[in-house]
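Visitor: Under our numbering, think of the first position of the sequence shown as 1, with each following residue one higher. Even glycine gets a Cβ: it sits at the ideal position worked out from N, Cα and C. Bear in mind that the values here come from a model prediction, so they are computed numbers and not experimental data. One structure follows; several queries about it will come next.
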Amino acid sequence: HYLRRLGSQHDGSGPFRYPPNHPGAVACKLPQKYIMKPQRPRGPPFTFSNCSEEHMQFVMKLRGEKCWKTQSDYDFFTVTKEVAGHLITPETFCRRINPEQYSSASMKNCVITCRNNVPTKNGYYQIKENTHFAPFGYPCGNNGERCWFGNCTNIDHEVS
Numbered sequence: 001h002y003l004r005r006l007g008s009q010h011d012g013s014g015p016f017r018y019p020p021n022h023p024g025a026v027a028c029k030l031p032q033k034y035i036m037k038p039q040r041p042r043g044p045p046f047t048f049s050n051c052s053e054e055h056m057q058f059v060m061k062l063r064g065e066k067c068w069k070t071q072s073d074y075d076f077f078t079v080t081k082e083v084a085g086h087l088i089t090p091e092t093f094c095r096r097i098n099p100e101q102y103s104s105a106s107m108k109n110c111v112i113t114c115r116n117n118v119p120t121k122n123g124y125y126q127i128k129e130n131t132h133f134a135p136f137g138y139p140c141g142n143n144g145e146r147c148w149f150g151n152c153t154n155i156d157h158e159v160s
């Protein structure tokens, strides 16, 4: 959602109607694994395609220096190192996404896999897996590591 505010379109898509002269992302085709890929990427790296970078530059130039130099004095990490989702288990995460069909959940390498019982056309059920990136700061290791840009790492040096 933040990238939309910065003018980014899904890779492979045409330009926005507004603002005029938006460059679009037709040149960025699949199967590259970038953040604005139309389908979910299945793992890191979390990087921008050259189209997304071009979109952000376009909007920043359009809006001007006064807009992008706006700063906040508030440091969210000085209040606490705890982040959203740190108390949610993979099971709770998956149940919230699909409570009616939830079967089980697991996490590996900061990717949560939700397994759901999905009805088939003939009245039986099959297990369907969906993967989701664990939220930033999600606990992932035995020594206090957290998910940070898709990697399980110690974030003490990243936040104050």
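1. Could you name the residues of the same chain whose beta carbon sits closer than 7 Å to that of Tyr-125, not counting the 5 residues immediately before and after it, in chain order?
2. Mapping the DSSP letters down to three states, classify Thr-92 as helix, strand or coil.
3. Among Pro-19, Pro-15 and Met-36, which one has its Cα closest to the Cα of Val-26?
4. Nearest CA to the CA of Glu-54: which residue from Asn-151, Pro-99, Asp-11 and Arg-95?
5. Do you know how far the Cα of Cys-110 is from the Cα of Arg-96?
6. What residue range is occupied by the uninterrupted beta strand (DSSP E) comprising Phe-133?
7. With Val-26 as the anchor, note down where its alpha helix (DSSP H) starts and where it stops.
Guide: Let me lay it out:
1. Asn-117, Val-118 and Pro-119
2. helix
3. Pro-15
4. Asp-11
5. 18 Å
6. 125 to 133
7. Run containing Val-26: none; DSSP gives neither H nor E here.
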